[in-house]
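Chemist: In the working numbering, the protein residues as written are 1116 to 1292.
C-beta atoms are modelled at their ideal positions from N, C-alpha and C, and glycine is treated no differently.
All of these numbers come straight from a predicted model, not from anything done at the bench.
#1: Are the segment 1258 to 1276 and the segment 1220 to 1227 touching, with three or more C-beta to C-beta distances below 8 Å?
#2: Would you mind sorting residue 1119 into buried or exposed? The rule is 16 or more other CB atoms within 10 Å of its CB.
#3: Is the beta carbon of residue 1176 less than 8 Å from the beta carbon of residue 1197?
#4: Is it buried or exposed for residue 1207, if we count other Cβ within 10 angstroms and need 16 for buried?
#5: Taking the alpha-carbon of residue 1294 as reference, which of 1199, 1133 and 1205 has the nearest alpha-carbon?
#6: Do you know how far the Cα of residue 1281 is from the Cα of residue 1205?
#7: I need the straight-line Cα distance from residue 1157 to residue 1202, nearest angstrom please.
#8: Going by C-alpha distance, which of 1191, 1216 and 1125 is nearest residue 1255?
#9: Quick check: residue 1137 and residue 1165, are their CB atoms within less than 8 Å of each other?
#10: From what residue to what residue does the beta strand (DSSP E) around residue 1167 run?
#11: Would you call the CB atoms of residue 1233 and residue 1276 closer than 8 Å?
#12: So what's residue 1178 in DSSP terms, helix, strand or just coil?
#13: How would you write the range of the beta strand (DSSP E) that residue 1196 sits in, first residue to last?
#14: The beta strand (DSSP E) spanning residue 1138 covers which residue range?
#15: Measure how close the beta-carbons of residue 1229 and residue 1179 come, nearest whole angstrom, since I'm counting them as under 8 Å.
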């Protein structure tokens, strides 16, 4: 058995598949987020929360395939990473609120909050493989994004990763289709 989370719309929809021993939430679509957190103007949320034991992943999914031109400026200016960092901070804050309210549906996500070294921020970024001319030259690597995201979130002492389907490390328990 596995848990599937769908992000995006066909034909470029991504399916995130987690083993059934993970706790997984499509957080930005949760009732808690929509009814309690989003009421505060400016709050944001990551797409996916995933936890196993003392490990917590906050994941933001961006699929720019077929939309390279519109999203180039967001990538090169740093606006994309600021948005992702803000979503991380807002989600972390919302989880603290959920914990303080004693919401049982998010209980599997609470233990790692006590140990920030077990919290991981993942930006999952799919882009077109080849972009003509100017767009290809301006393309930042996943390592560039990871380095910049880590600097933005340094105050939170969390692990930052940036992946796409072609660069998922071996040994992770979840996959993307």
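Modeler: In this structure, then:
#1: At 8 Å Cβ cutoff, the stretches do not touch.
#2: As a first step, residue 1119 is located in the chain shown; it is residue number 4 there, counting from the start. Exposed, by the Cβ-count rule.
#3: Within the chain shown, numbered from 1, the residue matching residue 1176 stands at position 61. Within the chain shown, numbered from 1, the residue matching residue 1197 stands at position 82. With a cutoff of 8 Å on beta-carbon distance, residue 1176 and residue 1197 are scored as not near each other.
#4: Taking the chain shown and counting its residues from 1, the one referred to as residue 1207 is at position 92. With 16 or more other Cβ atoms from the protein chains shown falling within 10 Å of its own Cβ, residue 1207 counts as buried.
#5: Since the displayed the chain opens at 1116 and closes at 1292, residue 1294 lies outside it and no answer follows.
#6: The sequence position of residue 1205 within the chain shown is 90, counting from 1. The sequence position of residue 1281 within the chain shown is 166, counting from 1. If I take the Cα positions, the gap works out to 29 Å.
#7: In the chain shown, counting from the first residue as 1, residue 1157 sits at position 42. In the chain shown, counting from the first residue as 1, residue 1202 sits at position 87. Rounded to whole angstroms, the gap between the alpha carbons of residue 1157 and residue 1202 is 10 Å.
#8: Taking the chain shown and counting its residues from 1, the one referred to as residue 1255 is at position 140. It is 1191 whose Cα lies nearest to the Cα of residue 1255.
#9: Locating residue 1137 in the chain shown gives position 22, counting from the first residue. Locating residue 1165 in the chain shown gives position 50, counting from the first residue. Yes.
#10: Locating residue 1167 in the chain shown gives position 52, counting from the first residue. Residue 1167 -> beta strand (DSSP E) spans 1163 to 1167.
#11: Within the chain shown, residue 1233 is the residue found at index 118, counting from 1. Within the chain shown, residue 1276 is the residue found at index 161, counting from 1. No. Outside cutoff.
#12: To locate residue 1178, count along the chain shown from 1; it is residue 63. The answer is strand: DSSP assigns residue 1178 an E or B state.
#13: The residue labelled residue 1196 in the question sits at position 81 within the chain shown. Premise fails: residue 1196 lies in the alpha helix (DSSP H), 1194 to 1216, not in any beta strand (DSSP E).
#14: To locate residue 1138, count along the chain shown from 1; it is residue 23. Where residue 1138 is concerned, the enclosing beta strand (DSSP E) stretches over 1138 to 1140.
#15: For the purposes of this step, residue 1229 is taken as the residue at position 114 of the chain shown. For the purposes of this step, residue 1179 is taken as the residue at position 64 of the chain shown. The pair is not a contact, with the Cβ atoms about 35 Å apart (cut-off 8 Å).
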